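Working notes for the structure below.
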Amino acid sequence: MTPSQVTFEIRGTLLPGEVFAICGSCDALGNWSPQNAVALLPENETGESMLWKATIVLTRGVSVQYRYFKGCFLEPKTIGGPCQVIVHKWETHLQPRSITPLESEIIIDDGQFGIHNGVETLDSGWLTCQTEIRLRLHYSEKPPVSITKKKLKKSRFRVKLTLEGLEEDDDDRVSPTVLHKMSNSLEISLISDNEFKCRHSQPECGYGLQPDRWTEYSIQTMEPDNLELIFDFFEEDLSEHVVQGDALPGHVGTACLLSSTIAESGKSAGILTLPIMSRNSRKTIGKVRVDYIIIKPLPGYNCDMKSSFSKYWKPRTPLDVGHRGAGNSTTTAQLAKVQENTIASLRNAASHGAAFVEFDVHLSKDFVPVVYHDLTCCLTMKKKFDADPVELFEIPVKELTFDQLQLLKLAHVTALKSKDLKESVIEEENSFSENQPFPSLKMVLESLPEDVGFNIEIKWICQQRDGIWDGNLSTYFDMNLFLDIILKTVLENSGKRRIVFSSFDADICTMVRQKQNKYPILFLTQGKSDIYPELMDLRSRTTPIAMSFAQFENLLGINAHTEDLLRNPSYIQEAKAKGLVIFCWGDDTNDPENRKKLKELGVNGLIYDRETASPKGQLRTWTQIAGKDVALGELTVWLGPWATMLGEVKSKKRGAGRHCPCCLLLQERGRISLGLPRPLGAL
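So the sequence shown is numbered by the working numbering: it starts at -9 and just counts up by one.
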């Protein structure tokens, strides 16, 4: 193999401590691993940007692909250990830069960082080794600041956050040849219906707290348990000095938070209440309610730079996405043949033209990702005497192991009319069925063809504004552990499949974005709705603030409720003008006329119940089949043979929250049976 010396040149500006680096498809360029990338060295300054170079030996005649990024190369944790790299910005063009060296020495002038073939495509980095702490002040449930001092009770406040003990470099620019420690970074974000703002600096007296605005502080650090965080509070009206001649007029008090307090709690998310101390008397004058999340890098998996679709959406006609696979199967008897969120349902939707299929994922008790819509299922138990009524128990799916979930068998009611029911049940139990509920996510990824795209909704508990929790679950898994398991399962088994994540929980969206760099995520929102109760999280209450949140977090876009879009069609073009992709969901999407209108308005994807054909061969939605709100359910689920149906679903009426207590009441002689709760049409 004949070598070729290739000198790569790029121009751009950096912050102190940052370097440009090159990463590519061969050993010399790190095989797409940023940890093995080659740092460039500064050559000379031209105007506002500097020229950076690196000379690398490649094999002559062999084509190589590569990308540039900027970030920090950190000191190894141990002597001789691997170098840690933090990526701040990287090039994410669908087609990377490429070169086929044909001479012994070549100089490649790649122009400006981020611009390739005249198109600028840059994306923010992900968490590689650093931890991110998010502190939030908002009015979702109650005002974040409560003051007991009478003089200040009616005051509105401005808040400034300061990190104590930051390491600052004396030099304006650190030599890229020297590995160094990461300085803690602080970013302030303000999110509202109208806009979002991101700042790396704050006014002298901070930013004001407003009922309709979400204030968030993002801190990246290598020492998440060794920070001192100081909140300074100022009166909104700064016309008077609290202390005569004070350099900081309006300063009323301070609250201190040690990050070790969060670390010792062992929780990824929570709420802390801190005392506010008066600055002059050092007496407690009130308290501040601080909402926090801790985002950790994905363990045991190194994201590479080969490709990224986090912000990429191919221009195309609007996508048809099969809701829960082939649709909501818990509305009518006809739907039981293709039970929702099963491999059969997903395969059926794909065979009837769905470009993507949508399904829901959460964890079993033993941390296996399973595909199932609701957070709970309903169990019934036969009492001592046959004449006694059956009592219904609602149990969280997270309280059952994967093996226990697999013992639950599903059949259509016609199986109960079989003359040899026992034989049919044993045959079902002894063979794998694609109609089996609770398939593992890994099984779904392996069973469906790679050309079928997946819209994976990550389930999480949501709280309504009236305080009620989804599924009556106020506690759930640790969010980092929960997502680490699901994301690793997808990343290790996805192959070339197109995947889009989505979630109703804003923090889930944030974490998915920060933990991996490959797949996009959509923020699911119901906006203003006459159907569903309002959610507690301020970021979920309106479609405009959901857009602002998606922009702030650099998400692909939003998945909005069709009811809200039909009421406010201007939201669609507003989202597109902000560079966001917009999907829609909801029962209203099942109406063909609504779908036609939404497509004309420019939505990128429509999630609805579609799959089955009418007797004349025409495609019909589940809503069209049901024909009305009242329907009789004929679906039986059991743990073993000899199940007997005791009742039927009388209505698919929506109730409070995302579940309806109506379900199939089943009885099994001497054993426990399972019924499926009525979902309310949410994704």
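Virtual Cβ for every residue (Gly too), placed ideally from N, Cα, C.
Bear in mind that the values here come from a model prediction, so they are computed numbers and not experimental data.
Bridge partners of residue 246, per DSSP? Walking along the sequence shown from the start, residue 246 turns up at place 256. Paired residue(s): 220.
Beta carbon of residue 579 nearer than 7 Å to that of residue 552: If you number the sequence shown from 1, residue 579 lands on position 589. If you number the sequence shown from 1, residue 552 lands on position 562. Yes, Cβ-Cβ distance for residue 579 and residue 552 is below 7 Å.
Using the C-alpha atoms, what's the distance from residue 546 back to residue 0? The residue labelled residue 0 in the question sits at position 10 within the sequence shown. The residue labelled residue 546 in the question sits at position 556 within the sequence shown. It is roughly 28 Å from the alpha-carbon of residue 0 to the alpha-carbon of residue 546.
Starting from the C-beta of residue 139, find all residues in its chain whose C-beta is less than 6 Å away, skip the five residues before and the five after it, and write them out in chain order. In the sequence shown, counting from the first residue as 1, residue 139 sits at position 149. 275, listed in sequence order.
Could you check whether residue 48 and residue -6 sit closer than 7 Å to each other, using their CB atoms as the reference points? For the purposes of this step, residue -6 is taken as residue 4 along the sequence shown, with counting starting at 1. For the purposes of this step, residue 48 is taken as residue 58 along the sequence shown, with counting starting at 1. Against a cut-off of 7 Å, the Cβ pair of residue 48 and residue -6 comes out as a contact.
Going by other Cβ atoms of all chains shown within 10 Å of its Cβ, with 16 needed for buried, is residue 663 buried or exposed? Locating residue 663 in the sequence shown gives position 673, counting from the first residue. For residue 663, the pLDDT reaches just 37, beneath the cut-off of 50, and the residue's location in the model is therefore unreliable, leaving the point undetermined.
Would you decide whether residue 330 is buried or exposed? Buried here means 16 or more other CB atoms lie within 10 Å of its CB. Within the sequence shown, numbered from 1, the residue matching residue 330 stands at position 340. Residue 330 is buried by the Cβ-count criterion.
Taking residue 360 and residue 336 to be in contact with their CB atoms under 8 Å, please state how far apart those CB atoms are, rounded to whole angstroms. Residue 360 sits at position 370 when you count from the first residue of the sequence shown. Residue 336 sits at position 346 when you count from the first residue of the sequence shown. At roughly 14 Å, the Cβ-Cβ gap does not stay under 8 Å, so residue 360 and residue 336 are not in contact.
Starting from residue 590, trace the alpha helix (DSSP H) in both directions and tell me its first and last residue. For this step, residue 590 is matched to residue 600 along the sequence shown. It spans 582 to 591 - the alpha helix (DSSP H) in which residue 590 sits, taken as one unbroken run.
Which of the three DSSP states is assigned to residue 579 in this structure? Against the sequence shown, residue 579 aligns to sequence position 589. Three-state result, residue 579: helix.
Interface flag, residue 115 vs chain C, CB-CB below 7 Å: The structure shown contains no chain C; it is built from a single protein chain.
Span separating the alpha-carbon of residue 325 from that of residue 434: By 1-based counting over the sequence shown, the position of residue 325 is 335. By 1-based counting over the sequence shown, the position of residue 434 is 444. Residue placement at residue 325 is poorly supported in this model, since its pLDDT is 39, which falls under 50; the coordinates still yield a value, given next. The straight-line gap from Cα to Cα measures roughly 20 Å.
The alpha helix (DSSP H) spanning residue 350 covers which residue range? In the sequence shown, residue 350 corresponds to position 360, counting from 1. From DSSP, residue 350 is part of no alpha helix (DSSP H) but of the beta strand (DSSP E) over 346 to 353.
Residue environment, residue -9, which counts as buried when at least 16 other CB atoms sit within 10 Å: If you number the sequence shown from 1, residue -9 lands on position 1. Exposed.
Reference residue 284; option with closest CA among 83, 90, 212, 348: Sequence index remark: in the sequence shown, residue 284 carries index 294 (1-based). For residue 284, the nearest C-alpha among the options comes from 212.
Chain-order list of residues whose beta-carbon lies under 7 Å from that of residue 437 (same chain, five-residue window excluded): Position 447 of the sequence shown, counted from the start, is the residue given in the question as residue 437. 333.
Anyone know if the C-beta pair for residue 307 and residue 356 falls short of 7 Å? Working through the sequence shown from its first residue, we reach residue 307 at position 317. Working through the sequence shown from its first residue, we reach residue 356 at position 366. The answer is no: Cβ separation not under 7 Å.
From 193, 313, 384, 27, pick the residue whose C-alpha is nearest to that of residue 59; which is it? The sequence position of residue 59 within the sequence shown is 69, counting from 1. That would be 27, whose Cα lies nearest to the Cα of residue 59.
Taking the C-alpha atoms as reference points, what is the distance between residue 343 and residue 599? Walking along the sequence shown from the start, residue 343 turns up at place 353. Walking along the sequence shown from the start, residue 599 turns up at place 609. If I take the Cα positions, the gap works out to 12 Å.
Rounded to whole angstroms, what's the CA-CA distance from residue 490 to residue 302? Just pull it up for me. Within the sequence shown, the letter at position 500 stands for residue 490. Within the sequence shown, the letter at position 312 stands for residue 302. Taking C-alpha positions only, residue 490 is separated from residue 302 by approximately 11 Å.
If you run the structure through DSSP and keep just helix, strand and coil, what is residue 258? Counted from its first residue, the sequence shown places residue 258 at position 268. Here residue 258 sits in coil by DSSP.
Leaving out five residues on either side along the sequence, give the residues of the same chain with a beta carbon under 6 Å from the beta carbon of residue 440. The residue given as residue 440 occupies position 450 in the sequence shown. Within the same chain, residue 440 has close Cβ partners 485, 486, 487.
What does the Cβ neighbour count give for residue 383, buried or exposed, with the cut at 16 atoms within 10 Å? For the purposes of this step, residue 383 is taken as the residue at position 393 of the sequence shown. The C-beta of residue 383 has fewer than 16 other C-beta atoms within 10 Å across all chains shown, which makes the residue exposed.
Tell me, to the nearest whole angstrom, how far the beta carbon of residue 78 is from that of residue 101; I am working on the premise that it is less than 8 Å. Translated into the one-based positions of the sequence shown, residue 78 becomes position 88. Translated into the one-based positions of the sequence shown, residue 101 becomes position 111. Actually they are not in contact, since the Cβ atoms of residue 78 and residue 101 sit about 20 Å apart, beyond 8 Å.
Would you check if the segment 111 to 123 and the segment 4 to 15 touch, i.e. whether three or more CB-CB distances between them fall below 8 Å? Not touching, per the Cβ criterion.
Are the CB atoms of residue 9 and residue 29 nearer to each other than 7 Å? Here the question's residue 9 lines up with position 19 in the sequence shown. Here the question's residue 29 lines up with position 39 in the sequence shown. Yes, the pair counts as a contact, with Cβ atoms nearer than the cut-off.
Leaving out five residues before and five after residue 92 in sequence, what residues of the same chain have Cβ atoms less than 8 Å from its Cβ? Counted from its first residue, the sequence shown places residue 92 at position 102. Result list for residue 92: -6, 50, 51, in chain order.
Mind reading off the beta-carbon distance from residue 597 to residue 311? Whole number of angstroms is fine, and I expect it under 8 Å. As a working mapping, residue 597 is identified with position 607 in the sequence shown. As a working mapping, residue 311 is identified with position 321 in the sequence shown. Yes, they are in contact, since the Cβ atoms of residue 597 and residue 311 sit about 4 Å apart, within 8 Å.
C-beta contact flag for residue 353 and residue 461 at 7 Å: Mapped onto the sequence shown, residue 353 falls at position 363. Mapped onto the sequence shown, residue 461 falls at position 471. Not closer than 7 Å, so no.
Residue 100 - DSSP class collapsed to helix/strand/coil: Indexing the sequence shown from 1 puts residue 100 at position 110. If DSSP states are grouped into helix, strand and coil, residue 100 belongs with the strands.
Quick one: is residue 143 buried, meaning 16 or more other Cβ sit within 10 Å of its Cβ, or exposed? Position 153 of the sequence shown, counted from the start, is the residue given in the question as residue 143. Result: exposed.
Could you spell out where the beta strand (DSSP E) holding residue 0 opens and where it closes? The sequence position of residue 0 within the sequence shown is 10, counting from 1. From DSSP, the beta strand (DSSP E) with residue 0 extends over -7 to 2.
For residue 74, is the classification buried or exposed, using 16 other Cβ atoms within 10 angstroms of its Cβ as the cut-off for buried? Here residue 74 refers to the residue found at position 84 when the sequence shown is read from its first residue. When all chains shown are included, residue 74 counts as buried.
Tell me, which residues are paired with residue 267 by DSSP? Within the sequence shown, the letter at position 277 stands for residue 267. BP columns for residue 267 point to 244, 274.
Cβ atoms of residue 206 and residue 683: under 7 Å apart, would you say? It is not possible to answer for residue 683, since the shown part of the chain is limited to -9 through 673.
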